[in-house]
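Add 310 to the 1-based position in the sequence shown for my numbering, that's all there is to it. Right, one structure below, let's go through it.
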Amino acid sequence: MKCNNCKKEIDNDSKFCEFCGAKIERNIKVVKVKLKEVLFNKNSIHFWVFLLSTILLVVLFSSFTQQANLSLEDILYLQSSSHF
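Here's what the structure looks like:
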């Protein structure tokens with residue numbers, strides 16, 4: 311990680327910069343907010359990939375579940391026509 315003041319490389323667990331003495335503040339909240347902005351910004355490619363992937367999965371899942379639905383008549387027909 312880098313010091314915000316002097317931009318030199320410091321240990322990740324440092325509380326103060328060993329080079330300039332500046333207090334190291336963690337900006338975890340800012341990173342989380344920026345991640346949400348990147349993922350859910352409608353102008354971002356990540357947003358559109360996420361949205362289209364979700365729609366595709368829903369469509370595929372619904373088509374597979376509809377194909378798996380057999381009526382009782384279909385099941386009886388398949389049982390009677392099978393040769394065990």
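Where is the CB? At the ideal position from N, CA and C, for every residue including glycine.
Open item on the list: Just verifying my parser: in three-state terms, what is the DSSP assignment at Asn383?
Closed with: Position 73 of the sequence shown, counting from 1, holds the residue named residue 383. Note on residue identity: the sequence assigns Glu, not Asn, to residue 383. The answer is helix: DSSP assigns Glu383 an H, G or I state.
- [ ] Report the three-state DSSP secondary structure of Phe371 (helix, strand or coil).
- [x] In the sequence shown, residue 371 corresponds to position 61, counting from 1. Helix.
Task: Asn314 to Ile334 span [Cα, whole Å] - done: Indexing the sequence shown from 1 puts residue 314 at position 4. Indexing the sequence shown from 1 puts residue 334 at position 24. The alpha-carbon atoms of Asn314 and Ile334 are separated by roughly 7 Å.
Open item on the list: Could you pull the DSSP bridge partners for Glu326 from this structure?
Closed with: Looking up residue 326 in the sequence shown gives position 16. The question names Glu, but residue 326 in the sequence shown is Phe. For Phe326, the pairing in a beta bridge is given by DSSP as Lys333.
Open item on the list: Rounded to whole angstroms, what is the Cα-Cα separation between Ser373 and Arg336?
Closed with: As a first step, residue 373 is located in the sequence shown; it is residue number 63 there, counting from the start. As a first step, residue 336 is located in the sequence shown; it is residue number 26 there, counting from the start. Going from the Cα of Ser373 to the Cα of Arg336 covers about 47 Å.
- [ ] Could you please give me the residues that DSSP links to Lys272 through a beta bridge?
- [x] The requested residue 272 does not occur in the structure, where the chain is confined to residues 311 to 394.
Open item on the list: Less than 9 Å between the beta carbons of Phe326 and Lys318, yes or no?
Closed with: Residue 326 sits at position 16 when you count from the first residue of the sequence shown. Residue 318 sits at position 8 when you count from the first residue of the sequence shown. No, these two residues do not count as a Cβ contact at 9 Å.
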